[in-house]
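Residue numbers (the numbering used here): 47 to 873.
A virtual CB, placed ideally from N, CA and C, is assigned to each residue, including glycine.
All figures in this text were calculated on a predicted structure; none of them were measured in a lab.
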C-alpha cells in the first residue's frame, strides 16, 4: 500500500554528530565596543548591539562568539551594553547584557572565569535594566573591574544610577553617594573609569563617572576620591556637550570625547549628533584644556592612550561622513586622529592617506569605517590599533605608517539580521539581509560579493520553484534576474517599497506585497505593469507559490488565521481554510509536490496539507512551532526532510524529521541557540541531506551539517506515533451451523486518498475461506490476506469506507473470537 511505506525511523541517530557555524558574510552589524587586556597579550574582546560579544583568537585570526548559548526566552541578552576585563586576570570577563524590547527587558551580569567559554548568569532586572541596542550603546565602558581587587566591580546604568559589587558580580548594591538616576535621553551613565594609579589598601580610590546629559540639565562628569564613598561634580566640564568615553594616563591626565547627543546617530532635534570636541582634564591641578583637532568640531567617540607613552593618543569621530578614501572608490565615514604631544597637535590618518584591506570581503569597499565610537591601542603593540564600525571591526598593524592600512578584521564575526534564505537545486544558497543586500553562496564557509546593484536592506526575495534561474528581490527598489542572480534588472515601475515577493512556479507571475500595505500587486512582465490582486486585503502579506502548479499561490493571514489560496495565477484569492491565528506567515510548499503545504502555528503546533490548503492535519506532539522548512530527503526516504525551530516534548531547538513528522531529532544543542530563531526562517539544503540554515537574533544565518567530528550530538526526541491511516474491522453478518458470512471494512482516517490496500487477519481456530467478493483473498488457515481487485473500491477517499465480503467455515459450531484486521494500512 503506497502511503504506509513512507513512515521511516532513524536507527542509531544518537551516534550522529553535527557541526554548527555561520554563513560567511562579514559581520555587517554595529560593533559597539572593543576592550583589550592590559595584563595578557592578545586577549581582546568586542561587543555588539544585537549579536552578543566575541573574543579574538590570535592564532587563527578569527573572532569566537561568546553568546551563542543564549536561548530564545533570554534572547535580549544578545544585546551587550558593556564589557569589562579584570585588569589582574584576563580570564575573568564580565558583560552587562539586556535589550529593552526583548525578554521582558531582562538584564543580567554575565560572569566568566575562563575567557568567556562559560558564563554564570546573574539576573539584575529588579535592580536595573540595560538596553544594548539603545541610543548611546557605543558609550562606555559602563562596567568596570577595580584594578586593585578582582572582587570589586562598578556598573553605571541608564535609569538607576551607579551600582557596586564586592563579590565578583554575584550581588549588587546601589552607590547612593552618586545622585544620578535617569537622564532626559534615557542613556543615564555613559562611562565609569577607575584610575589604576590610585589603588591603595586593595582598591582604586579615584573614580570618574560620565553622565549623558547637557550641563543645563545637571553635571555630566563626577569624581570620587574615596572609592565611591562620596562623589562630587567636576567643575569646568563642557556644558553644551555630552561625554562619550574617557581614558586616563599614568600621569593623571584624563582625556574625554564629547558630542551633542548620545549617538551613534541623530536621535532628535535636541540631540542632532553633529558637533563635538576632545578635552583634557588635569586631575592634579583641575585645569581643562580643549584639545580638539583644529577645524574638526564634529562628534567624537573613541579615545585611547598608549600605555607606554602617556602623550601618545588615538581618537575617532562618530557619525561623521567625510571623504575617507578614494581607492578603489570614494567612500565616506569617520576620521581617526593620532597625537604624540598630548593632543596639542593631531594627525588625521584619513587625510594623510589610508587604505582598507578587505580581507577577502570585498563588499566593505562600498561602506568603510563609520560610527567609530570605540578605538583602542593594542597595549602590547601600540603600533596596532582596533576601531569599531557600524559594519564590523577594523585593525591596523602600523598606525604610524605614511599610509596606514586598516584590515576589515571580522572573520568569525557575523551580526546581520537575515530575512530569508533559499537553497537552489544546483547547490547555491541565496540570502537577503538587512543593510547589506544579501548574497549567493556556492560554499557557505566562503565570502562572496553581495547582490549588485546594491540597495541596502532587502526585505523580500523569490525564486521560481520550477524555473530557479528566475529570481526577484525587493527593498528600496525591485530587481529581477533571469540568470540566477548573475545580473539584475531594475523593475521599470514599482507600486511601493520593501515588503514580500513571490514568483509563480514557472516564473511568469510576480507578486509584490509592499511593506505596511494591505494591497498586493501582480505583474507578468517583471514590473513594467502592475494590477491589484483581489480578495487579499492582508497587511504585510507574504505570498508563497505552489512548488509545481503555476496557477496556485498561498497566503496565511496571521491576524485572522485564514489561509487564502489563488487558483488563477495570483489574480484573485479566496479563503480555503480557517486555522489558528498568530502563527508564522511563511507557508512552506513542498518541492515537487503540488498542493503539499506545511505551516507553523506557534503554540498550536505544526500543520500539513496535501490538498492545497483545503484541509490540514495537525502533527501530533508538537508543543510549539516557530518556523519550518524542507530539504533534501534522507538516503532511505522518498519525501523531503523536514526542519523545524520549535518544541517536541520539552526540547526546544532545531529539529529534523525524515518521516513527515512522525519522529524528530534535535540537531543543535544548548551551546548553539543563537538567541533563538525569532520566527523568520528555517530551510534545508536541497542538495546535501542534513544541512540546514536558520535565521538568528543578530548572528546572521547559522547552519548545521552532518559531520562525524562535529561537537553537537544529534538527540532523538520523544517518538511521535503517526495518526492511524485507516480503521479496519471484521464484521460477522450471518452465522449458520459451522460457518457464516463476514465483511472486512476499511475507513480512511487520513486527509489523503488511499490508493490500493492490503489487509490481514488470523482466526483463533482453523476456519477456512470458501468464497469472497469485492476483493481477492489468499492464504491458508488460519491466516488470510485480502487485497483490492475491483476498480470501484481500489481508491478510498478521506472519510470513505469500502470493504469486501467472505464466506468462512469453522471446525466447531460455536464462533471463535472475531479476528483483528491488521496490516500497514491499519496502523
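If you ignore the 5 residues before and after residue 597, its C-beta comes within less than 8 Å of the C-beta of 550, 612, 613, 614 and 615, all in its own chain and listed in chain order.
Separation of the CB atoms of residue 341 and residue 309 is rounded to 21 Å, and the pair is thereby denied contact status at 8 Å. Here the alpha carbon of residue 251 sits roughly 18 Å from the alpha carbon of residue 219. With a threshold of 16 other beta carbon atoms within 10 Å, residue 644 meets it and is buried. In this structure, the alpha-carbon of residue 746 lies about 8 Å from that of residue 479. Contact between the segment 304–320 and the segment 375–395 is absent, with fewer than three C-beta pairs closer than 8 Å. Taking C-beta atoms as the reference points, residue 62 and residue 752 count as a pair closer than 8 Å. The DSSP-derived three-state label of residue 123 is helix.
Residue pairing from DSSP places residue 646 in a beta bridge opposite 652. Rounded to the nearest whole angstrom, the C-alpha separation of residue 118 and residue 420 is 29 Å. Rounded to whole angstroms, residue 92 and residue 101 show a C-alpha spacing of 7 Å. Counting along the chain, the unbroken alpha helix (DSSP H) around residue 398 starts and ends at 395–398. For residue 558, the beta-bridge partners assigned by DSSP are 547 and 567.
Checking the DSSP bridge columns, you'll see residue 750 partnered with 66 and 738. Looking at the backbone, the Cα of residue 726 and that of residue 741 are separated by about 6 Å.
In this model, residue 835 and residue 820 are separated by some 7 Å (Cα to Cα). Comparing alpha-carbon positions, the option among 465, 494 and 481 lying closest to residue 547 turns out to be 465. A direct Cα-to-Cα measurement between residue 197 and residue 223 gives close to 20 Å.
With contacts defined by Cβ atoms closer than 8 Å, residue 680 and residue 687 form a contacting pair.
A distance below 8 Å separates the beta carbons of residue 240 and residue 193. Residue 285 counts as exposed, since fewer than 16 other beta carbons sit within 10 angstroms of its beta carbon. Spatial neighbours of residue 90 in its own chain (CB-CB distance under 6 Å, excluding positions within 5 residues in sequence) are listed in chain order as 82 and 102. In this structure residue 185 is buried. Its beta-carbon is surrounded by 16 or more other beta-carbon atoms within 10 angstroms. By the neighbour-count criterion, in which a residue is buried when 16 or more other Cβ atoms sit within 10 angstroms of its Cβ, residue 813 is buried.
The three-state reading of DSSP puts residue 871 in helix, counting H, G and I together. Taking each of 830, 840 and 856 in turn and checking the Cα distance to residue 866, the smallest one comes out for 830. Look at the segment 272–321 and you find these whole runs of beta strand (DSSP E), each 3 residues long or longer: 288–294 and 299–305. By the Cβ test, the segment 630–647 is in contact with the segment 668–676, since at least three Cβ pairs between them sit closer than 8 Å. Within the DSSP secondary-structure output, residue 762 pairs in a beta bridge with 711.
For the pair residue 509 and residue 65, the CB atoms are not nearer than the 8 Å cut-off.
Beta-bridge annotation (DSSP): residue 519 is paired with 507 and 525.
Contact check for residue 136 and residue 176: beta-carbon distance about 23 Å, past the 8 Å limit, so the pair fails to qualify. If you keep only unbroken beta strand (DSSP E) runs of at least 3 residues inside the segment 63–110, you get 63–68, 77–82, 90–94 and 99–103. In the DSSP assignment, residue 355 falls outside any beta strand (DSSP E) and carries neither an H nor an E. For residue 623, the enclosing beta strand (DSSP E) stretches over residues 620–624. Taking 8 Å as the cut-off, the beta carbon of residue 699 is found no closer than this to the beta carbon of residue 670.
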